[in-house]
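Just so you know, we're using the working numbering here: the sequence shown kicks off at 473 and counts up by one.
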Amino acid sequence: MGRALRRNRTRKRVALTDGHLVIDRPIPARLLGFLPRRGEEEFEMMSYTAATCDPDNFEAERYNLRAAKLNRDTELFVGVTMYNEDEVLFTRTMHGVMKNIAHLCTRNKSRTWGKDGWKKVVVCIVADGRNVINPRVLDCLAALGVYQEGVGSNVVQDRPVTAHIYEFTTQLSVDSDLKFKGLEKGIVPTQIIFCLKERNQKKINSHRWMFNAFCPLLQPNVCVLLDVGTKPGPRSLYHLWKCMDLNSNVGGACGEICAMKGKGWLGLLNPLVAAQNFEYKMSNIMDKPTESIFGYISVLPGAFSAYRYIALKNDEIGRGPLASYFKGETLTGQDADVFTSNMYLAEDRILCWELVAKRGHEWVLKYVKSAWGETDVPNEVPEFISQRRRWLNGSFFAAIYSLAHIGQVRRTEHSRLKALALYFEGFYNLLNLVFAWFGIANYYIFFVLLSSSLEDPALKMPKAVSIVNLLLQYLYTGTLIGCFLLSMGNRPQGSKWKYIGAMVVYALLALYMMVAAIFILVKAVKGGANAKLYAQIIISLVATFGSWVISSVLALDPWHLVTCMLQYMLLAPAYINVLNVYAFANLHDFSWGTKDQNIVMTDLGIAVSAGDSKMVEINNLFEQKDLDQSYDQALFNLKTRPKLIEKHRSEKEKETLKQDYYKNVRTNVVMLWTLTNGVLVAAILNGDVASSFSTGKTDFKIHLYMIIILGFVAFMAIIRLFGSTLYLAIRLFAG
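Structure representation (structure tokens):
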């Protein structure tokens, strides 16, 4: 558990600054001895501020920040959000950020950057809850000089503290191997704000501290958002900033999110990781560039994106992107219906739309291929399902939101051509939304059609094939019913092997579909199939797989096709059935793990009035020997990594009436979803499915259905290929 510390706490009177508790503390002597730069307060003193207000009132209540006091222009504000991630994930992100700042300082020919470029960058770390933050992360921050244990107060003059704000300009970095890096490795000073929220209030509240509390004081040009665990490429922040510097109408931008594959790409041996890697790659090669051409990217990932601060700001009467963005934080109970609550699970999508549709402006969103960041993807089924539940529900309802508000484009200053492009993208998104809604029906229909086609006498297959097909159709249906039952009553973490079993079953069924498809194609080549339908299948397959290959080769990034495509195709039915079923069956659950925490803690002490309204008495650790001992303990913890004692978490109280309301709406949506998909299946499969691919007379509705679906797939693939190719051409010739 580490070594015990003897701390001598004393009471001391402290003068308030503009009515607020602000303490400047010297950094540990050992840390000071490491530093190449000294003699300035920002390098030798850590500043602590106890914020007792809501983030919206931070500026109005005359709080201040060190960078603002120094009258520095903030060009880049880097916001890092975290919850309970460990020290490896934290240092991976922070070291990546500090390498980016070092790169900015090497650009001596830049009008903005150069030797003292670090003075124009502020890194803000917001931790979502003092009682849930990982202690080893605090050790890392203590090692950098940003955090000091015991410095703080729970209450200041009868007002509960909402956030503990630590400020320091560090000259050291700690990499993910917990090795110190300094000037000898090119690390430059970094201005850090560490905002440790007293309570866990969700990620969106952390962003409110950034945008509504700190940004109004710093007035940055560009704000970059990162999640702890995302490692930005060494020049990624520069490329995101440069995109906005060159294009005055770009209000937001994102780079490529890469899945971490491990040393030697060994992580791809896990089929779940491989499938996600393929998904990420194709999204970055085809989807994001296509949306970038239109000017509206449906989601700038909160894990790695950038915004122009002036584009986010609200107007004089409080309307604007930030107002819409933060609306989701305060909506509770029946004041927020299930539609709204789920929509704000993907609040970054709402922010994207509101920015592009901002009244009186012509902001667009851009994809920057040269900016990239690596992130861990879930390598276990329970975490994967839980993550996709938030993504799917949030994106589904946010897509409906953007389509319902497509008329807002008329209030913008976009040119007619750009407005037309946005309307076309809206139509494109509508088609995708409808196709996604009928996903389980379409996949089941194609499974039945392909497997039943093996029963065609022209193939001369054994009679047992019909029995096998019937059993597999029962297995498919039974597994789907099982997924509904599991999703309604079991958490993925509590039914891990059942969910894995369902995914394995669907992977085997996908393999059977592939075999059936190969038999049909061979039959068609020999002239035993419906020529028109065969041609449509070929066009659809060529459009889909051809677009994958062509776009990947043009992007000079084809390796995922070799290493990950098979795993993705095998897991595709699980994406459609397991993930969608779990997402819709849990529409009523839009929590991020937030606990109700209304009790004011007193473990840090209380700052009470000392008889003078401008003075308070506080308990603190002011002796230098105690400070140095605490710093040594932090270094010892990072070196030895003692095992942490898991904190007991109280059970979340449930409001019965509210939950009944949410579950009732959930049930209605699931019923509508299953019934509409069931009607489609019944309408298509009540004919002669075995002869669907034969040369003789085929069922007209089956033939028409397949023409529509295959044509849709081909059309979407062509649109994406055109968009990605046009993006590469513009990037090549225009930069």
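Virtual Cβ for every residue (Gly too), placed ideally from N, Cα, C.
Worksheet item: Measuring CB to CB, does S923 end up less than 7 Å from A870?
Response: Locating residue 923 in the sequence shown gives position 451, counting from the first residue. Locating residue 870 in the sequence shown gives position 398, counting from the first residue. No, these two residues do not count as a Cβ contact at 7 Å.
Practice prompt. Give a single yes or no on whether L697 has its beta carbon closer than 6 Å to a heavy atom of the ligand GDP.
Written response: Of the ligands one can find in the structure shown there are none, so the ligand GDP has no counterpart to examine.
Worksheet item: Does DSSP put H1032 in a helix, in a strand, or in coil?
Response: In the sequence shown, residue 1032 corresponds to position 560, counting from 1. If DSSP states are grouped into helix, strand and coil, H1032 belongs with the helices.
Worksheet item: Just how far apart, CA to CA, sit Y948 and Y978?
Response: As a working note, residue 948 is residue 476 in the sequence shown. As a working note, residue 978 is residue 506 in the sequence shown. Separation of Y948 and Y978 (C-alpha to C-alpha, rounded to the nearest whole angstrom) is 7 Å.
Worksheet item: Beta-carbon separation of R534 and D600 under 7 Å?
Response: Position 62 of the sequence shown, counted from the start, is the residue given in the question as residue 534. Position 128 of the sequence shown, counted from the start, is the residue given in the question as residue 600. Going by C-beta atoms, R534 is not nearer than 7 Å to D600.
Worksheet item: In angstroms, rounded to a whole number, what distance separates the CA positions of R1206 and F919?
Response: On the sequence shown, residue 1206 is found 734 positions in, with the first residue counted as 1. On the sequence shown, residue 919 is found 447 positions in, with the first residue counted as 1. Contrary to the premise, residue 1206 reads as Ala rather than Arg in this sequence. Rounded to the nearest angstrom, the two C-alpha atoms are 46 Å apart.
Discussion item. Using only the alpha-carbon positions, how far apart do H492 and I972 sit?
Written reply: Start at 1 with the first residue of the sequence shown, and residue 492 comes out as number 20. Start at 1 with the first residue of the sequence shown, and residue 972 comes out as number 500. Taking the CA atoms as reference points, H492 sits about 54 Å from I972.
Discussion item. I need the boundaries of the beta strand (DSSP E) containing A635, first residue and last residue.
Written reply: By 1-based counting over the sequence shown, the position of residue 635 is 163. Segment A635 to T642, the beta strand (DSSP E) holding A635.
Worksheet entry | Contact belief for H877 with W825 at Cβ below 8 Å, rounded distance in angstroms | Against the sequence shown, residue 877 aligns to sequence position 405. Against the sequence shown, residue 825 aligns to sequence position 353. Indeed they touch by this definition, with Cβ atoms about 7 Å apart.
Discussion item. Can you look up R707 in the DSSP assignment and give me helix, strand or coil?
Written reply: Translated into the one-based positions of the sequence shown, residue 707 becomes position 235. In this structure, R707 counts as coil in the three-state DSSP scheme.
Item to complete: Would you list the one or two residues that DSSP bridges to W1211?
Response: Because the chain is modelled from 473 through 1207, residue 1211 falls outside the range shown and cannot be assessed.
Discussion item. Just to confirm the assignment, what range does the beta strand (DSSP E) spanning Y520 have?
Written reply: Position 48 of the sequence shown holds residue 520. Secondary structure note for Y520: its beta strand (DSSP E) is the uninterrupted segment M517 to A523.
Worksheet item: Between L507 and Q643, is the Cβ-Cβ spacing less than 7 Å?
Response: Position 35 of the sequence shown holds residue 507. Position 171 of the sequence shown holds residue 643. Closer than 7 Å, so yes.
Fill in: Close-in-space but distant-in-sequence residues of the same chain around V937 (CB under 7 Å, 5 per side omitted)
Sequence index remark: in the sequence shown, residue 937 carries index 465 (1-based). Excluding sequence neighbours, V937 sits near L926 and E927.
Fill in: Residues near F1056 in its chain [Cβ-Cβ closer than 7 Å; skip 5 each side]
Stepping through the sequence shown from its first residue, residue 1056 is reached at position 584. Exclusion of the five residues before and after F1056 leaves V1141, V1142 and W1145 as the residues of its chain whose Cβ lies within less than 7 Å of its Cβ.
Discussion item. Tell me the residue span of the alpha helix (DSSP H) that contains R579.
Written reply: What you label residue 579 is simply residue 107 of the sequence shown in a count that begins at 1. Counting along the chain, R579 falls outside any alpha helix (DSSP H), and DSSP gives it neither H nor E.
Worksheet item: Can you tell which of S582, R544 and L1059 has the C-alpha that lies nearest to the C-alpha of K858?
Response: Position 386 of the sequence shown, counted from the first residue, corresponds to residue 858. What sits at residue 858 in the sequence shown is Ser, not Lys. In this structure, L1059 is the residue among S582, R544 and L1059 with its C-alpha nearest to the C-alpha of S858.
Worksheet item: chain D beta carbons: is any one of them nearer than 7 Å to that of K785?
Response: Among the chains of the structure shown, chain D does not appear; only one protein chain is present.
Discussion item. Taking the straight line between their C-alpha atoms, what separation do you get for E801 and K669?
Written reply: Taking the first residue of the sequence shown as 1, we reach residue 801 at position 329. Taking the first residue of the sequence shown as 1, we reach residue 669 at position 197. Taking the Cα positions, E801 is about 15 Å away from K669.
Discussion item. Could you compute how far the alpha carbon of N1149 sits from the alpha carbon of P761?
Written reply: Your numbering for residue 1149 matches position 677 in the sequence shown. Your numbering for residue 761 matches position 289 in the sequence shown. Each residue's alpha carbon lies about 32 Å from the other.
Worksheet item: Using CA coordinates, which residue listed in P661, F562 and G911 is at the minimum distance from L1147?
Response: Along the sequence shown, read from residue 1 onward, the residue named residue 1147 stands at position 675. With distances taken between Cα atoms, L1147 lies closest to G911.
Discussion item. Spatial neighbours of Q748 within its chain, please: C-beta separation below 7 Å, excluding the five flanking residues on both sides.
Written reply: Stepping through the sequence shown from its first residue, residue 748 is reached at position 276. Correct list, in chain order: A731 and V849.
Worksheet item: Nearest CA to the CA of V595: which residue from R780, E763 and L698?
Response: Numbered from 1 along the sequence shown, position 123 holds the residue referred to as residue 595. Between V595 and the set R780, E763 and L698, the nearest pair of CA atoms involves L698.
Practice prompt. Taking only the alpha-carbon atoms, compute the straight-line gap between R1121 and F907 and give it to the nearest angstrom.
Written response: Within the sequence shown, numbered from 1, the residue matching residue 1121 stands at position 649. Within the sequence shown, numbered from 1, the residue matching residue 907 stands at position 435. Confidence at R1121 is low in this model, with a pLDDT of 45, below 50, so its placement is unreliable and the value that follows should be read with caution. Cα to Cα, R1121 sits roughly 42 Å from F907.
Discussion item. Check this for me: beta carbons of F776 and G736, under 7 Å apart or not?
Written reply: One-based indexing of the sequence shown puts residue 776 at position 304. One-based indexing of the sequence shown puts residue 736 at position 264. Cβ atoms of F776 and G736: not closer than 7 Å.
Item to complete: Find the nearest neighbour of F1184 within the set M960, N914, I637 and A974, judged by alpha-carbon distance.
Response: On the sequence shown, position 712 is the one that residue 1184 refers to. Here the closest residue by C-alpha is N914.
Worksheet item: What separation, rounded to the nearest whole angstrom, lies between the Cα atoms of N536 and V881?
Response: Taking the sequence shown and counting its residues from 1, one reaches residue 536 at position 64. Taking the sequence shown and counting its residues from 1, one reaches residue 881 at position 409. Taken atom to atom, the span from the alpha-carbon of N536 to that of V881 is near 38 Å.
Discussion item. At the level of alpha carbons, what is the spacing between F868 and L905?
Written reply: On the sequence shown, position 396 is the one that residue 868 refers to. On the sequence shown, position 433 is the one that residue 905 refers to. Distance from the CA of F868 to the CA of L905, rounded to the nearest whole angstrom, comes to 7 Å.
Worksheet item: When the Cα atoms are used, what is the spatial distance from L1157 to I939?
Response: For the purposes of this step, residue 1157 is taken as the residue at position 685 of the sequence shown. For the purposes of this step, residue 939 is taken as the residue at position 467 of the sequence shown. One Cα belongs to L1157, the other to I939, and the distance between them is close to 18 Å.
Worksheet entry | Given 8 Å, three or more beta-carbon pairs between the region 647–654 and the region 512–532 | The region 647–654 vs the region 512–532: no contact.
Fill in: Terminal residues of the beta strand (DSSP E) in which T1227 lies
Here the chain has residues from 473 to 1207 only, and residue 1227 is not among them.
Item to complete: Measure from the alpha carbon of R1138 to the alpha carbon of each residue in T565, R791, Y1199 and M960, then state which is nearest.
Response: Sequence index remark: in the sequence shown, residue 1138 carries index 666 (1-based). In this structure, M960 is the residue among T565, R791, Y1199 and M960 with its C-alpha nearest to the C-alpha of R1138.
Worksheet entry | From G511, C687, P929 and F515, residue whose alpha carbon lies closest to that of E531 | Locating residue 531 in the sequence shown gives position 59, counting from the first residue. Comparing Cα-Cα distances from E531 to each of G511, C687, P929 and F515, the minimum goes to C687.
Worksheet entry | From N1109, K1173, Y1054 and Y1040, residue whose alpha carbon lies closest to that of L741 | The residue given as residue 741 occupies position 269 in the sequence shown. The option with the nearest alpha carbon to L741 is Y1040.
Discussion item. I need the straight-line Cα distance from L488 to I495, nearest angstrom please.
Written reply: As a working mapping, residue 488 is identified with position 16 in the sequence shown. As a working mapping, residue 495 is identified with position 23 in the sequence shown. The alpha-carbon separation between L488 and I495 amounts to approximately 9 Å.
Practice prompt. Tell me whether T884 sits in a helix, a strand or coil according to DSSP, three-state version.
Written response: Residue 884 sits at position 412 when you count from the first residue of the sequence shown. It is coil, neither helix nor strand.
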